[in-house]
Amino acid sequence: MTAGSPLPSIAVHGLTGCAGELLVILENLENLIPYVRVSSFPFAQSKNEDDRPVDIAFVEGSVSQPHDLERLKKIRAQARWLVGVGNCAVWGCVQRDGCRKESAVAMFEKTYGDKSQDDVMPSTPLSDHVRVDVKLSGCPINSTQLLAVTASLLRDHLPYITSKPVCLECKLRENACVLIENNLPCLGPITAGGCGALCPTFGAACYGCWGPSEQPQMEAMSTILQEKGYEMNEVMSRLFAFGAPDELFERVKRTIPQVSVDTI
Ligand code: SF4
Ligand code: SF4
633 MTAGSPLPSI AVHGLTGCAG ELLVILENLE NLIPYVRVSS FPFAQSKNED
683 DRPVDIAFVE GSVSQPHDLE RLKKIRAQAR WLVGVGNCAV WGCVQRDGCR
733 KESAVAMFEK TYGDKSQDDV MPSTPLSDHV RVDVKLSGCP INSTQLLAVT
783 ASLLRDHLPY ITSKPVCLEC KLRENACVLI ENNLPCLGPI TAGGCGALCP
833 TFGAACYGCW GPSEQPQMEA MSTILQEKGY EMNEVMSRLF AFGAPDELFE
883 RVKRTIPQVS VDTI
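All you need for the numbering used here is the position in the sequence shown, starting with 1, plus 632.
Encoded structure:
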């Protein structure tokens with residue numbers, strides 16, 4: 633960005649999700665406003681320029697309906713950088729986990745008593761459909777990461793996003809380990825970092841809300857949790873509730889016999 637040049641533009645969109653990430657972006661808007669022009673943010677403003685190219689498009693939510701997919705393709709075509717924000721966008725989160733257990737059509741019918749299938753499709757993350765330049769996990773995302781990612785993209789650099797386990801951040805904060813010291817079922821060893829080990833810092837177990845870490849050692853985690861007397865189905869269902877790739881689910885099915893996949 634050079635002096636006198638127009639500010640770079642951003643757009644903030646929500647597909648199927650709870651709007652938690654939109655709220656985090658809204659909360660941080662005063663920090664962004666000096667450096668960007670908000671071209672579109674239907675959640676927060678009524679005048680939006682949806683047909684203009686933007687420098688950065690932030691997209692929350694999963695693709696769960698045909699019109700989500702149409703919007704996503706249009707957003708992708710207009711954005712220089714596309715950032716998937718939050719676990720729904722990155723992993724599919726609870727709605728994807730639901731679709732693993734029961735078909736989207738069956739759930740729709742059960743909920744709305746309507747057999748029409750036109751508006752229903754299985755929930756999937758953004759990257760199943762378009763190129764996603766940056767994936768920002770979290771349920772919801774962390775403000776510091778959001779600002780760091782934006783600053784990096786405004787300088788034309790792809791940011792480095794860690795998916796090393798929460799344990800790494802926990803050790804850097806010199807926390808006592810709640811898994812070892814308190815026998816709590818902490819999923820920090822298999823969960824991606826980024827939150828700054830928020831829960832263990834306050835003495836609680838991590839329940840996996842950032843999604844799986846890079847190369848999660850599921851089998852070793854399972855052995856430790858079983859030694860401590862935990863019911864594997866309950867523990868795994870917490871992790872998978874926030875979404876995880878099908879390959880990881882299949883691996884758990886194959887390698888951890890104590891897990892009954894029908895109930896996670
Ligand atoms: S408390 Fe949890 S996140 Fe922290 S080191 Fe122990 S297992 Fe890892
Ligand atoms: S559940 Fe785990 S990943 Fe989520 S905020 Fe707590 S420590 Fe971080």
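Backbone N, C-alpha and C define an ideal beta-carbon position, used for all residues, glycine too.
These numbers were taken from a predicted model, which means no experiment stands behind them.
Does ligand 2 have a heavy atom nearer than 7 Å to the CB of residue i?
{"i": "residue 898", "result": "Residue 898 is absent from the model: the chain starts at 633 and stops at 896."}
{"i": "residue 817", "result": "no"}
{"i": "residue 650", "result": "no"}
{"i": "residue 832", "result": "yes"}
{"i": "residue 776", "result": "no"}
{"i": "residue 725", "result": "no"}
{"i": "residue 823", "result": "yes"}
{"i": "residue 720", "result": "no"}
Regarding residue i and ligand 1, is the C-beta to nearest heavy atom distance less than 7 Å?
{"i": "residue 639", "result": "no"}
{"i": "residue 829", "result": "yes"}
{"i": "residue 812", "result": "yes"}
{"i": "residue 809", "result": "yes"}
{"i": "residue 706", "result": "no"}
{"i": "residue 848", "result": "no"}
{"i": "residue 820", "result": "yes"}
{"i": "residue 731", "result": "no"}
{"i": "residue 838", "result": "yes"}
{"i": "residue 860", "result": "no"}
From the options, pick the residue whose C-alpha is nearest to that of residue i; which is it?
{"i": "residue 859", "options": "825, 833 and 815", "result": "815"}
{"i": "residue 890", "options": "826, 855 and 711", "result": "855"}
{"i": "residue 796", "options": "812, 810, 807 and 819", "result": "819"}
{"i": "residue 800", "options": "775, 845, 767 and 760", "result": "845"}
{"i": "residue 622", "options": "658, 730 and 704", "result": "The structure shown has nothing for residue 622, since the chain only spans 633 to 896."}
{"i": "residue 888", "options": "857, 697 and 875", "result": "857"}
{"i": "residue 885", "options": "726, 870 and 865", "result": "865"}
{"i": "residue 802", "options": "753, 697 and 831", "result": "831"}
{"i": "residue 813", "options": "798, 836 and 827", "result": "836"}
Which of the three DSSP states is assigned to residue i in this structure?
{"i": "residue 716", "result": "strand"}
{"i": "residue 768", "result": "strand"}
{"i": "residue 700", "result": "helix"}
{"i": "residue 832", "result": "helix"}
{"i": "residue 687", "result": "strand"}
{"i": "residue 787", "result": "coil"}
{"i": "residue 709", "result": "helix"}
{"i": "residue 669", "result": "strand"}
{"i": "residue 634", "result": "Its pLDDT being 49, under 50, residue 634 is placed unreliably in this model, and the coordinates cannot settle the point."}
{"i": "residue 641", "result": "strand"}
{"i": "residue 773", "result": "coil"}
{"i": "residue 738", "result": "helix"}
{"i": "residue 660", "result": "coil"}
{"i": "residue 678", "result": "coil"}
{"i": "residue 733", "result": "helix"}
Cβ of residue i within 7 Å of any heavy atom in ligand 3?
{"i": "residue 842", "result": "Inclusion of ligand 3 in the displayed structure is not the case, the ligand content consisting of ligand 1 and ligand 2 alone."}
Can you check DSSP and say which residues form a bridge with residue i?
{"i": "residue 692", "result": "646 and 717"}
{"i": "residue 651", "result": "Looking at the DSSP assignment, residue 651 forms no beta bridge with any residue, so it has no partner."}
{"i": "residue 797", "result": "824"}
{"i": "residue 844", "result": "823"}
{"i": "residue 756", "result": "695"}
Which same chain residues end up closer than 6 Å to residue i when comparing Cβ atoms and leaving out the 5 residues on each side of it in sequence?
{"i": "residue 645", "result": "691 and 707"}
{"i": "residue 848", "result": "822"}
Whose C-beta lies closer than 8 Å to the C-beta of residue i among residues of the same chain, with five residues either side of it excluded?
{"i": "residue 686", "result": "641, 642, 643, 671, 672, 710, 711 and 712"}
{"i": "residue 659", "result": "775"}
{"i": "residue 675", "result": "644, 646, 651, 654 and 658"}
Enumerate in chain order the residues of its own chain whose CB-to-CB distance from residue i is below 7 Å, with the five nearest sequence positions on each side excluded.
{"i": "residue 892", "result": "865"}
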